[in-house]
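In this note's numbering, the protein residues as written are 3 to 95.
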């Protein structure tokens with residue numbers, strides 16, 4: 003599957019900006035105002051959402067880079083932003 007660069011979300015307080023773009027290998031980059039307390043939780047949310055998305059779309063090992071700039075978003079917002087960014091990047095709407 004081909005991916006394109008896509009962003010979703012915002013840099014407003016209690017939200018996050020998620021970018022998905024093609025890459026030569028899979029990677030996740032997290033910047034957060036609350037990373038000291040919630041880095042592992044944010045990483046888990048991203049990985050679980052990616053797992054679900056891959057299963058839903060029959061995709062194995064996507065070669066993408068996921069970047070998240072978090073401003074204190076809650077779990078549901080992170081998951082929704084990641085899922086939407088993946089759909090848009092893969093042109094699945």
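Heads up, the beta-carbon is just placed ideally off N, CA and C, and yes, glycines get one too.
Helix, strand or coil for residue i per DSSP?
i	result
residue 17	coil
residue 84	helix
residue 47	helix
residue 29	strand
Our contact map puts residue i next to residue j with C-beta atoms below 8 Å; I'd like the distance itself, whole angstroms only.
i	j	result
residue 114	residue 70	In the structure as shown, the chain starts at 3 and stops at 95, and residue 114 therefore has no counterpart that could be examined.
residue 36	residue 11	With a Cβ gap of about 16 Å, residue 36 and residue 11 do not count as contacting.
Report the rounded CA-to-CA distance for residue i versus residue j, giving the unit in angstroms.
i	j	result
residue 58	residue 4	16 Å
residue 39	residue 47	14 Å
residue 43	residue 6	27 Å
residue 31	residue 94	23 Å
residue 23	residue 61	16 Å
residue 14	residue 72	9 Å
Considering Cα atoms alone, identify which of the options is closest to residue i.
i	options	result
residue 52	88, 14, 9, 23	88
residue 27	84, 63, 86, 72	63
residue 77	94, 49, 21, 9	49
residue 56	31, 34, 86, 41	86
residue 54	16, 32, 82	82
residue 16	29, 45, 9, 79	79
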